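Q:
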Amino acid sequence: MIWPIVIIVMGVSGAGKTTVGQALAASLGWRFVDADAFHAAQSIEKMRRGIALSDEDRAPWLSSLHSAICEWVVQSQHTILACSALKDRYRAVLREGLRPEQVRFVFLAVPVVVLAQRLRGRSGHYMPPSLLQSQLSDLEPPSQEQAIYVDGAASPSSVVEEIRKKLAL
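Residue numbers (this note's numbering): 60 to 228.
1. Using the Cβ count rule (16 or more neighbours within 10 Å means buried), how would you classify Ala96?
2. Can you find a CB in chain C that lies within less than 8 Å of the CB of Val132?
3. Under 8 Å, do Val71 and Gln161 count as touching if we go by C-beta distance?
4. Of the choices Val173, Pro201, Ser135, whose alpha-carbon is the least far from that of Phe164?
5. Alpha carbon to alpha carbon, how far is Val65 from Trp131?
6. Do Arg223 and Ser86 have their C-beta atoms closer together than 8 Å?
7. Does Arg117 pass the burial test, meaning 16 or more other C-beta atoms within 10 Å, or should it be called exposed?
8. For a minimum of 3 consecutive residues, which ranges assigned as the beta strand (DSSP E) are wholly contained in the segment 176–222?
9. Would Gly109 pass as a contact of Val169 if the rule is Cβ separation under 8 Å?
10. Can you tell me where the alpha helix (DSSP H) with Arg107 in it begins and where it stops?
11. Tell me where the beta strand (DSSP E) around Leu121 begins and ends.
12. Just curious, the beta strand (DSSP E) that Ala168 is in, first and last residue?
13. Do Asp93 and Ala141 have their CB atoms nearer than 8 Å?
14. By DSSP, does Val65 sit in helix, in strand, or in coil?
15. Give me the residue from Ala100, His98, Gly80, Gln101 with the minimum Cα distance to Phe91.
16. Suppose contacts are defined by Cβ-Cβ distances below 8 Å. Is Lys225 in contact with Leu167 by that definition?
17. With DSSP run on the structure shown, which of helix, strand or coil describes Leu140?
18. I need the DSSP call for Arg148, collapsed to helix, strand or coil.
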């Protein structure tokens, strides 16, 4: 039996989650969803002011995401989700009660200098470049068993190709 799969493209701000996630979804014919759309208005405003979110701020966001992921799995809706998933406990919430083959994590590994450069060049996003350091401090990189590592500094098409190869998609 082939299980439904949700691929969570993860990493800190500026890693390319949305760009890669959209390109991967397009190449597979899957739906793309950005976890940013699940944030409460007060959390977005907090980040816009340059204030990092606490674990308490993120708890309802993670719960909403988990509910959506479970619904996608139950409905067999193949989905690419762009989500920071910075900490191990956040990833545990996202995959709680699901089989490993139903939810796969792809970690976009990007050098800090590239992240900073990308964030400086980005416009129209509520997350200011000043919050990069707090995200890097919060980041608990997944183990090689928990996620597929890809070079997020490469071109989006190369990253998509690498993900598809590593996941045999």
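Here a beta-carbon is modelled for each residue, glycine too, at the ideal position from N, C-alpha and C.
Quick caveat: nothing in here was measured; it's all calculated off a predicted structure.
A: With the given structure in hand:
1. exposed
2. Looking at the structure shown, chain C is missing, and only one protein chain is on hand.
3. no
4. Pro201
5. 8 Å
6. yes
7. buried
8. 206–210
9. no
10. 100–107
11. Leu121 -> not in any beta strand (DSSP E); alpha helix (DSSP H) instead, spanning 114–133.
12. 162–168
13. yes
14. strand
15. Gly80
16. no
17. strand
18. helix
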